[in-house]
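The next block holds one structure in the form of structure tokens; read it before the comments.
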Amino acid sequence: MIGRFTLFGQLATLWTIRLSLACYACVLIALLTEPTEPTDGVDDESEEAPGPNRLGPFTLPQWWAISCGLFLIHVGLAFHYYHHWSHARAFEHTAAETQRLLGVRFGYGVYVNHLFAIVWTMDGALWLLAPQLHARRSRWLHRIVHGFLFFIAFNGAVIFEDGPVRWFGIFVTLLIAGLWLRRQLLVSTRVNSSPTMDAS
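Set out below in structure tokens:
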């Protein structure tokens with residue numbers, strides 16, 4: 020019974036983070052492949068439309084909340100099954116992993132994970148509950164939030180993984196980076212080709 024319980028904990032912890040990152044990547048890909056034409060009522064400083072864009076049975080804000088929820092469940096499972104609700108153990112585990120993979124013992128990464136959870140939860144709640152406000156936030160804040168989330172997700176899916184999961188993470192990372200560059204070029208082209216108003 021104990022062995023089965025432990026196996027369940029290991030599998031649940033592993034697959035909640037994998038499903039979370041899969042949903043996260045799907046939302047990013049959906050956002051980056053949306054039309055770049057301006058939408059009525061959307062501030063030019065924003066990079067996303069407030070509309071209820073759908074991906075299968077749910078809207079993108081709902082998928083974003085689901086992926087964040089899966090991550091929070093993963094954190095809870097990891098603390099329960101691996102760290103036994105000891106933050107000191109979580110700190111030591113993080114330090115050991117960074118030592119093994121990067122050659123540097125750095126346990127404070129666990130606090131970066133806490134910040135990741137807070138930022139993602141706040142962003143997900145805002146997008147789900149106040150999409151108009153979420154769409155009108157400034158461009159620099161939008162990029163800081165997504166840049167931070169993407170950096171941590173990349174580390175989780177590539178740096179701290181190995182085997183097929185790492186290679187798949189690299190593929191998805193390159194895909195998202197390519198789509199982002201393509202979108203920036205399309206937006207830049209649209210802005211440069213926009214007709215100017217005659218002052219007279």
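In my numbering, the protein residues as written are 20 to 219. Just so it is clear, CB atoms sit at the ideal spot from N, CA and C, and this is done for glycine as well. In this text, all values refer to a predicted model and were calculated from it rather than measured experimentally.
Subject >> 6 Å Cβ shell around Ile137 - same chain, five flanking residues per side excluded >> reply: none
Subject >> Secondary structure of Phe77, DSSP reduced to three states >> reply: strand
Subject >> Reference Tyr43; option with closest CA among Leu50, Ser86, Phe187 and Ile195 >> reply: Ranking Leu50, Ser86, Phe187 and Ile195 by Cα distance to Tyr43 puts Ser86 first.
Original post:
Do Trp82 and Leu74 have their C-beta atoms within less than 7 Å of each other?
Top reply: Yes, the Cβ-Cβ distance between Trp82 and Leu74 is below 7 Å.
**OP:** Using beta-carbon positions only, say whether Gly126 and Ala114 come within less than 7 Å of one another.
**Re:** yes
Original post:
Cβ atoms of His102 and Ala109: under 7 Å apart, would you say?
Top reply: yes
Original post:
How is Tyr100 classed by DSSP in three states: helix, strand or coil?
Top reply: helix
**OP:** Pick helix, strand or coil for Gly70, following the three-state DSSP scheme.
**Re:** At Gly70, the pLDDT of 46 sits below 50, so the modelled position is not reliable; the number obtained from the coordinates is stated separately. Gly70: coil per DSSP, three-state reduction.
**OP:** Below 8 Å CB to CB, which residues in the same chain sit around Arg185 once its five sequence neighbours on both sides are set aside?
**Re:** Ala176 and Val177
**OP:** Please say whether Trp139 and Pro80 have beta carbons closer to each other than 7 Å?
**Re:** Not closer than 7 Å, so no.
**OP:** Spatial neighbours of Asn72 within its chain, please: CB distance less than 6 Å, with the 5 preceding and 5 following residues excluded, ordered by chain position.
**Re:** Leu79
**OP:** In the DSSP assignment, find the unbroken alpha helix (DSSP H) run with Asp142 in it and report its ends.
**Re:** Gly128 to Leu148
Original post:
CA-CA distance, Arg158 and Leu152?
Top reply: 13 Å
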